[in-house]
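A.B. asks: First the structure, which I've put down as structure tokens, then a few questions once you've had a look.
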Amino acid sequence: MQNKTNFIVIDTEGKEELTEIAIISHDGQLIYEAFVKNHRRNQEIRFSLKDRLEIVTDFAKIAQEKLIIGHYAQHDIDILKNSFNTVGKSWPNLTFQCSFLLAKTYFRGLPSYSLEYLSKYLNLKVDGRYFNQDFAHTARYDAQFTHQLYQKIMEQQLKEILRLKPNPFGTNRVDSPFQTHIDLKEIYENEFAMLKSIIADIKQDNSNQSKGVVVIGEAGSGKTHLTMRLAQELLTDNRLLFIRQPNHPETILYHIYSRILESFIEIVKNSGYSQLECLLAKSFSKIYLKEREQTAKKEETILKLLSEDYLNIYKVLGTESSEKKRKNWQTIEKTIIQWWHKTYGFSGYATEIVKGLIKFCSYSDRGKRDLIKRWLAGNELEPSEVEAVGLSNWSAEMSQEDFSLQAIAVFGKLSMMDEPLMIVFDQLEGLKNKETLLNNFGEAVKEMFTHTPNSLMIFNLFPDRWQHFEQFFDHSVIDRISQYRIILSRPSQEQLYQLLRLRAETHEIEIESLFTQEELNVILAQNSVRSVLNCASDHYKHRVNDIPLLPIPQPQPLPENFEAEVRLEIERLKDEIAFIKGKLGHQEDKIIEQHQTINSIHPVQEYLAQHKPLLEQAYEKQTIISDSDDFGKLKTILEAFRAIRVLELDFLRLGKKELPEHLLIKAKEGSFVIGFLHNSGNTFTSRIKNFNELVVHHRQIRFGLLRDQRQPLINSKVGKEEIEKLKNAENGKFTVMTKENRVGFELIYKLVTDIENKDIEIELADALKTLESCFDHWIITMVKEHFLLS
């Protein structure tokens, strides 16, 4: 692509020899104009008269090492060459480009490519006026319009290049610290250094006490981006665990534990091993080395290999299913369990959890590891499955919250043999108006600080949410989570400019070729990193795809009285009319009208198109699927729809019997129960039996029970029979959540929570109305067909 500044535009007049020349600089300034002295055409000219020799000498100096643009450039070349010959000067080595030929390439199919036609077709102006044939064929006039034409050609050339590239400003937010986004390290450099220093303090503290830090910043300031930087720089040694907002007040700790397990699945860069594998390899190896220092000589080789590289625990203990490997792991299990009992005692679920983690390390068979992951998540396995991995099912009376707290504590204690954990709580803004959920979250976090050592817990919050937290929680919570406070202020103009430059350069684009200085001033005036990137993205789409820019709203003074209010409204209407006229352009003096169709897409549609493929990719990753999490998601979605629909939420009871997590959605024309049952074994069978009792007792209600297709098949005879009973009931339905169903569900939930967390700037009611009109999913169908607009 041509350098935007290393060119000049010329126009020459004369049939065979030069009579007149004008040269325009890259920025549109007339830098040279001359008329050949004593030529009959120039008899009335009083200024800039020069000998032909002087003119060609001046031209050669100005044009040296410049790209020379001319319309019908060959004509200019012929005239100049003749003039050089006439005065006895040799023709220099010059580079020309023809705007006539370029226009044929970039504005295809026009009936004419004359300067007059192109200037009118493209609505070009010089000094605020359109092309006028009466002034044509003077060098200055034609050169000025040729300069305008070349600017348009460069714009079109840039468009065609950029249409083959992704929008460098299109991804403006970090959803998870395990993603990779462009990162300008100078932004929040000191704040990042502070986070690393707190981690170092925890490591050096003999008591390994966990610490809390609140990262405070407005929406789009880069809070999650900062944790992404932590992951990118520290994940080799430390473990980062990412916790999105909880949505069920009764299962806060299980939600946190489930997200911890999902984070542990993430692969550590350049290792080929997951975070969990790295943590367990180092922790178990160090425990084993410490406890077996005085071991028999036959273990010296293994000890040496483990001390050289902790990951050798997966490589040197024997081949899969071999007797050697079995015996080695029996010894390791015995040694670690003894150490655990000696260090932390026998109580609770911890010993069994540690045993399960050892079993996980001992198997390289993926099927067995997947079984253990489900077991670690507190799920019931089939008898044959627990026997295959050498474990026992959890008790049916197990408290899921107590189990989760003890499991989190186990990881904290094991990390004392590794490096401090980084536990990041993000997307907490949506908790503000959910008092029970927020209160239980505070209590859960307080328990984590009490029982989980060696961890830095990071809480990302808006300033107003942090103020709400300070008023809502007592000091026992606030003092723990805010031992440190990091405030993310708006980066400097220079830093934001360098971020834009870095993003553009990553796609081999020069920022100067994208935006004028005036456009950059508008972009850099936005109030957050995300707003700057959004604005840059809008300008990029305007430049490349001709999507119109919306006016940026300016704060208006409050009217003092009715007359002032009317005057302000009139001024507002004038501004809007002026803006529209500016977009349409003036029609006078135009001979050729252009008809363009501008495709506009609603922000919600754009959001869905952007995030659906990401969720489809995420679907393939291992995840912890739980009834309580899906219940919370559905409840969050339906509560959001109360902004535009009349609906009431409740739940059913069946004495003291355990039911699947479900919601009763009441409507005038009939009610619905939507439940989730992802459990297996006896838990599945007993709960679907109870659910079917509700179906029989409440024939006026329509029941639906959903189960994710990634969960194990139900093989028990009774379980299968209960599924058939539900399918055959007139008011019942059993649905397997396919990939399409799940992705749609997650996409609706993500849209709602992103709006709540101000990750996207869309009004909730407007977003839901658009969602109803353009998105196909059973939730949308149910809401539209059965619940009245509010």
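Counting with my numbering, you get residues 1118 to 1907 for the letters of the sequence shown. Just so it is clear, CB atoms sit at the ideal spot from N, CA and C, and this is done for glycine as well.
(1) Measuring straight from C-alpha to C-alpha, what distance separates Ile1148 and Asp1581?
(2) Where does Asn1577 fall in DSSP's three states?
(3) Helix, strand or coil for Met1118? Go by DSSP, reduced to three states.
(4) Going by other Cβ atoms of all chains shown within 10 Å of its Cβ, with 16 needed for buried, is Cys1891 buried or exposed?
(5) How would you call Phe1632, buried or exposed, if buried means at least 16 neighbouring beta carbons within 10 angstroms?
(6) For Tyr1238 and Ala1220, what's the separation of their Cα atoms in angstroms?
(7) Expressed to the nearest angstrom, what Euclidean distance is found between the alpha-carbon atoms of Ile1598 and Leu1301?
(8) Provide the residue(s) that pair with Val1153 in DSSP beta bridges, ordered along the chain.
(9) The alpha helix (DSSP H) that contains Phe1632, what's its start and end?
(10) Counting only runs that start and end within the stretch 1514-1596, where is the alpha helix (DSSP H) found for 4 or more residues in a row?
(11) What residue does the beta strand (DSSP E) around Ser1788 start on, and which one ends it?
(12) Can you tell me whether Ser1645 is buried or exposed, with buried defined as 16 or more other CB within 10 angstroms of its CB?
(13) Tell me whether Lys1269 is buried or exposed, calling it buried when 16 or more other Cβ atoms sit within 10 Å of its Cβ.
(14) Three or more beta-carbon pairs under 8 Å between the stretch 1318-1329 and the stretch 1514-1525, yes or no?
(15) If you follow the alpha helix (DSSP H) that Tyr1427 is part of, which residue opens it and which one closes it?
(16) Comparing alpha-carbon positions, which option in Phe1758, Val1763 and Glu1367 lies nearest Ser1907?
(17) Compute the distance between the beta-carbons of Ile1475 and Glu1450, then report whether it is under 7 Å.
(18) With 16 other CB atoms within 10 Å as the buried threshold, where does Phe1124 fall?
(19) Rounded to a whole number of angstroms, what is the C-alpha to C-alpha distance between Glu1504 and Leu1351?
(20) For the alpha helix (DSSP H) that Gly1329 lies in, which residues bound it at each end?
(21) Taking 8 Å as the cut-off, does the stretch 1565-1575 touch the stretch 1384-1394 (at least 3 CB pairs, one atom from each stretch)?
(22) Taking three-plus beta-carbon pairs below 8 Å as touching, is the stretch 1845-1861 in contact with the stretch 1820-1836?
(23) For Phe1309, report the span of its alpha helix (DSSP H) as first-last.
(24) Tell me the DSSP secondary structure of Leu1218 in three-state form.
(25) May I ask you to report which of helix, strand or coil DSSP gives Tyr1916?
(26) Hey, out of Tyr1657, Glu1839 and Arg1607, whose CA is closest to Tyr1305's CA?
(27) Does the count of Cβ pairs from the stretch 1344-1358 and the stretch 1754-1769 closer than 8 Å reach three?
(28) Taking the continuous beta strand (DSSP E) assigned at Gly1836, which residues delimit it?
(29) Starting from Ala1139 and walking both ways along the beta strand (DSSP E), at which residues does that stretch end?
(30) Considering only the alpha carbon of each residue, which of Glu1469, Phe1477 and Glu1425 lies closest to Trp1446?
(31) With DSSP as the reference, label Ile1243 as helix, strand or coil.
(32) Specify, as a first and last residue, the run of the beta strand (DSSP E) that Glu1410 falls within.
(33) Does DSSP put Thr1069 in a helix, a strand or coil?
(34) Below 7 Å between beta carbons: does that hold for Arg1620 and Pro1285?
(35) Per DSSP, which residues does Thr1852 bridge with? Please list them.
(36) Helix, strand or coil: how does DSSP classify Gln1268 here?
C.D. replies: Reading it off the structure:
(1) In the sequence shown, counting from the first residue as 1, residue 1148 sits at position 31. In the sequence shown, counting from the first residue as 1, residue 1581 sits at position 464. The straight-line gap from Cα to Cα measures roughly 57 Å.
(2) Residue 1577 sits at position 460 when you count from the first residue of the sequence shown. Here DSSP, grouped into helix, strand and coil, assigns Asn1577 to strand.
(3) Position 1 of the sequence shown, counted from the start, is the residue given in the question as residue 1118. Only weak support exists for where Met1118 lies, its pLDDT of 48 falling under 50; the coordinates are left without a value.
(4) Counting from 1 along the sequence shown, the entry for residue 1891 is found at position 774. Exposed.
(5) In the sequence shown, the residue the question calls residue 1632 occupies position 515. Burial call: buried.
(6) Start at 1 with the first residue of the sequence shown, and residue 1238 comes out as number 121. Start at 1 with the first residue of the sequence shown, and residue 1220 comes out as number 103. Looking at the two C-alpha atoms, the distance is approximately 12 Å.
(7) Counting from one through the sequence shown, the residue named residue 1598 turns up at place 481. Counting from one through the sequence shown, the residue named residue 1301 turns up at place 184. Ile1598 and Leu1301: Cα-Cα distance of roughly 28 Å.
(8) Taking the sequence shown and counting its residues from 1, one reaches residue 1153 at position 36. Lys1167, per the DSSP bridge assignment.
(9) As a first step, residue 1632 must be located in the sequence shown, where it is residue number 515. From DSSP, Phe1632 is part of no alpha helix (DSSP H); its letter is neither H nor E.
(10) Counting only runs of 4 or more, we get 1517-1532, 1552-1568 and 1580-1589.
(11) Taking the sequence shown and counting its residues from 1, the one referred to as residue 1788 is at position 671. Per DSSP, Ser1788 belongs to the beta strand (DSSP E) from Ser1788 to Phe1793.
(12) Sequence index remark: in the sequence shown, residue 1645 carries index 528 (1-based). Counting C-beta atoms within 10 angstroms of its own C-beta, Ser1645 has 16 or more neighbours from the protein chains shown and is therefore classed as buried.
(13) Residue numbering aside, residue 1269 sits at position 152 when the sequence shown is read from its first letter. With 16 or more Cβ atoms within 10 Å of its Cβ, Lys1269 is classed as buried.
(14) Three or more Cβ pairs closer than 8 Å define a contact, and the stretch 1318-1329 falls short of that threshold against the stretch 1514-1525.
(15) Within the sequence shown, residue 1427 is the residue found at index 310, counting from 1. First-last for Tyr1427: undefined, no H or E at that position.
(16) Within the sequence shown, the letter at position 790 stands for residue 1907. Among Phe1758, Val1763 and Glu1367, the Cα nearest to that of Ser1907 belongs to Val1763.
(17) Walking along the sequence shown from the start, residue 1475 turns up at place 358. Walking along the sequence shown from the start, residue 1450 turns up at place 333. Contact flag set, yes.
(18) Taking the sequence shown and counting its residues from 1, one reaches residue 1124 at position 7. By the Cβ-count criterion, Phe1124 is buried, with 16 or more other Cβ atoms from all chains shown falling within 10 Å of its own Cβ.
(19) The residue labelled residue 1504 in the question sits at position 387 within the sequence shown. The residue labelled residue 1351 in the question sits at position 234 within the sequence shown. So the two alpha carbons sit approximately 38 Å from each other.
(20) By one-based count along the sequence shown, residue 1329 stands at place 212. Where Gly1329 is concerned, there is no enclosing alpha helix (DSSP H), although the beta strand (DSSP E) it sits in stretches over Lys1328 to Ile1333.
(21) Taking 8 Å as the limit for Cβ pairs, the verdict is that the stretch 1565-1575 does not touch the stretch 1384-1394.
(22) The stretch 1845-1861 makes contact with the stretch 1820-1836; the number of CB pairs closer than 8 Å reaches 3 or more.
(23) The count along the sequence shown starts at 1 and reaches residue 1309 at position 192. In this chain, the alpha helix (DSSP H) harbouring Phe1309 covers Glu1306 to Gln1321.
(24) As a position in the sequence shown, residue 1218 is number 101, starting the count at 1. For Leu1218, the secondary structure class from DSSP, reduced to helix, strand or coil, is helix.
(25) Because the chain spans 1118 through 1907 in this model, residue 1916 falls outside it and cannot be assessed.
(26) Taking the sequence shown and counting its residues from 1, the one referred to as residue 1305 is at position 188. The option with the nearest alpha carbon to Tyr1305 is Arg1607.
(27) Short answer: they don't touch.
(28) For this step, residue 1836 is matched to residue 719 along the sequence shown. From DSSP, Gly1836 is part of no beta strand (DSSP E) but of the alpha helix (DSSP H) over Lys1834 to Asn1845.
(29) Residue 1139 sits at position 22 when you count from the first residue of the sequence shown. Its beta strand (DSSP E) spans residues Glu1137 to Ile1141.
(30) Here residue 1446 refers to the residue found at position 329 of the sequence shown. Phe1477 is the residue among Glu1469, Phe1477 and Glu1425 whose C-alpha sits nearest the C-alpha of Trp1446.
(31) Here residue 1243 refers to the residue found at position 126 of the sequence shown. Looking at the sequence itself, residue 1243 is Val, so the reference to Ile does not match. Of the three classes helix, strand and coil, the one that applies to Val1243 here is strand, per DSSP.
(32) Counting from 1 along the sequence shown, the entry for residue 1410 is found at position 293. That residue, Glu1410, is in no beta strand (DSSP E); it is neither H nor E in DSSP.
(33) With the chain running from 1118 to 1907 in the structure shown, residue 1069 is simply not present.
(34) Counted from its first residue, the sequence shown places residue 1620 at position 503. Counted from its first residue, the sequence shown places residue 1285 at position 168. The criterion of a C-beta distance shorter than 7 Å is satisfied by Arg1620 and Pro1285.
(35) For the purposes of this step, residue 1852 is taken as the residue at position 735 of the sequence shown. Among the bridge pairs identified by DSSP, Thr1852 is matched with Leu1823.
(36) In the sequence shown, residue 1268 corresponds to position 151, counting from 1. The answer is helix: DSSP assigns Gln1268 an H, G or I state.
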